[in-house]
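In my numbering, the protein residues as written are 2 to 204.
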């Protein structure tokens with residue numbers, strides 16, 4: 002494993018490139034400790050320690066520190082660790098580690114998110130938001146079932162009517178242009194065409 006380039010990120014940390022590809026990040030003292038020098042091979046034992054001890058431990062600590070401040074989905078946490086230039090193996094190890102203590106749980110995250118937004122976001126909008134956060138379709142379906150088992154109920158008509166009231170929409174006086182504008186607004190909120198037409202009195 003030949004170091005082809007060392008690029009400082011800060012005064013204390015540097016990106017290490019191996020065979021022209023970014024391999025990992027080390028602190029200044031670690032470059033000396035593990036004999037990492039540009040244009041030279043990293044000794045096998047030092048290489049083993051970097052990949053099997055230093056980086057996995059650091060990735061675990063980074064994941065734990067991130068989760069102290071807020072909850073992440075597995076996908077979000079993976080993305081944050083990638084931003085830290087951890088190797089894929091260290092990232093997956095860290096994700097398995099925090100999941101083993103249930104510090105990350107995509108199903109729990111999804112159920113909590115649904116519960117939090119059941120009265121202010123449409124089902125479609127909630128699903129779009131969770132998919133963007135990396136929740137899988139399979140987990141999403143399980144989350145809705147668990148939410149329903151806990152007594153979760155959504156009344157999209159009431160949500161639409163509340164939004165219409167805020168916009169001071171009057172179905173009796175609204176002209177065609179206002180109807181179309183309002184319809185498009187509600188579609189962007191993730192409500193179905195049927196629910197919107199019913200609320201706007203367009204049947």
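Beta carbons are placed, not taken as given, at the ideal position from N, Cα and C, and that holds for glycine.
According to the DSSP assignment, residue 77 belongs to no beta strand (DSSP E) but to the alpha helix (DSSP H) extending over 75-84. Distance from the CA atom of residue 32 to the CA atom of residue 149, rounded to whole angstroms, is 54 angstroms. Here the alpha carbons of residue 82 and residue 69 stand approximately 15 angstroms from one another. Within 10 angstroms of the beta-carbon of residue 41 lie fewer than 16 other beta-carbons, which makes it exposed.
By DSSP's assignment, residue 25 forms a beta bridge with 17. In the structure shown, residue 44 falls within a coil segment according to DSSP collapsed to helix, strand and coil. In the same chain as residue 134, and ignoring 5 residues on each side of it, the C-beta atoms closer than 7 angstroms to its own belong to 74, 76, 77, in chain order. In its chain, beyond the 5 residues on either side, 35 have a beta carbon closer than 6 angstroms to the beta carbon of residue 51. Note that the C-beta distance between residue 141 and residue 128 is below 8 angstroms.
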